[in-house]
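A.B. asks: Provided herewith is a single structure, encoded as structure tokens, for subsequent inquiry.
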Amino acid sequence: MTPYQNVYERFALKVEDYLLDELFCSSVTDYEKYLLGWLKSAIPKFSKCKNDLKDRDDNEQIFNQKLTEKEEEVLAFLMQIEWSEKEVKNIQEMRLYLSNSDFKRYAESNNLKVKIDLQNQLIERADRFIVEYTYDGFTF
């Protein structure tokens, strides 16, 4: 069995998010409930997993399979992509509420382009990692 916490710890090392840090400090239980949404979004994107990721208990926050470190890492990468989508969406939604000049100042300070580029890099990196995982054990 693998606790979700293993994946959450790997995810936490990959992101810098003041709000997540605050949530963790105020309540680990609430923090884990919050991360569960991203994990549940990440799981279907890892369809090549050799373990059955549907065999899990969300209430106990545990996979009923023993995941490898590589599988945990893939899930953490996929969670990071879900997190980055939220970050980009937050900035894009801000555009609706600000005038063009205000948005330009706000977007520059929040590096919208940098966040979008990072998200694209994360997707490419996760795809490569999944391909490597899929071919583990094959000899050519």
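As numbered in our numbering, residues 3 to 142 make up the sequence shown, in order.
Beta carbons are placed, not taken as given, at the ideal position from N, Cα and C, and that holds for glycine.
Enumerate in chain order the residues of its own chain whose CB-to-CB distance from residue 176 is below 8 Å, with the five nearest sequence positions on each side excluded.
C.D. replies: Only positions 3 to 142 of the chain appear in this structure, which leaves residue 176 out of reach.
A.B. asks: Helix, strand or coil for residue 65, going by three-state DSSP, please let me know.
C.D. replies: To locate residue 65, count along the sequence shown from 1; it is residue 63. Residue 65 falls in the strand class under three-state DSSP.
A.B. asks: Helix, strand or coil for residue 70, going by three-state DSSP, please let me know.
C.D. replies: By 1-based counting over the sequence shown, the position of residue 70 is 68. Coil, per DSSP.
A.B. asks: Using the beta-carbon count (16 or more within 10 Å), is residue 58 buried or exposed?
C.D. replies: Mapped onto the sequence shown, residue 58 falls at position 56. Classification for residue 58: buried.
A.B. asks: Establish whether the CB of residue 71 and some CB of chain C are separated by less than 8 Å.
C.D. replies: Judged by its chain identifiers, the structure shown contains no chain C, having just a single protein chain.
A.B. asks: What are the partner residues of residue 5, as DSSP defines its beta bridges?
C.D. replies: Along the sequence shown, read from residue 1 onward, the residue named residue 5 stands at position 3. BP columns for residue 5 point to 64.
A.B. asks: Pull up the DSSP beta-bridge partners for residue 59, would you.
C.D. replies: Taking the first residue of the sequence shown as 1, we reach residue 59 at position 57. DSSP lists 64 as partners of residue 59.
A.B. asks: Would you call residue 86 buried or exposed, if buried means 16 or more other Cβ atoms sit within 10 Å of its Cβ?
C.D. replies: Locating residue 86 in the sequence shown gives position 84, counting from the first residue. Buried, since its Cβ has 16 or more Cβ neighbours within 10 Å.
A.B. asks: Are the stretch 18 to 27 and the stretch 38 to 48 touching by the rule of at least three beta carbon pairs closer than 8 Å?
C.D. replies: Contact between the stretch 18 to 27 and the stretch 38 to 48 is absent, because fewer than three Cβ pairs lie under 8 Å.
A.B. asks: Could you check how far apart the C-beta atoms of residue 82 and residue 4 are, in whole angstroms? I think they sit under 8 Å.
C.D. replies: Locating residue 82 in the sequence shown gives position 80, counting from the first residue. Locating residue 4 in the sequence shown gives position 2, counting from the first residue. Actually they are not in contact, since the Cβ atoms of residue 82 and residue 4 sit about 18 Å apart, beyond 8 Å.
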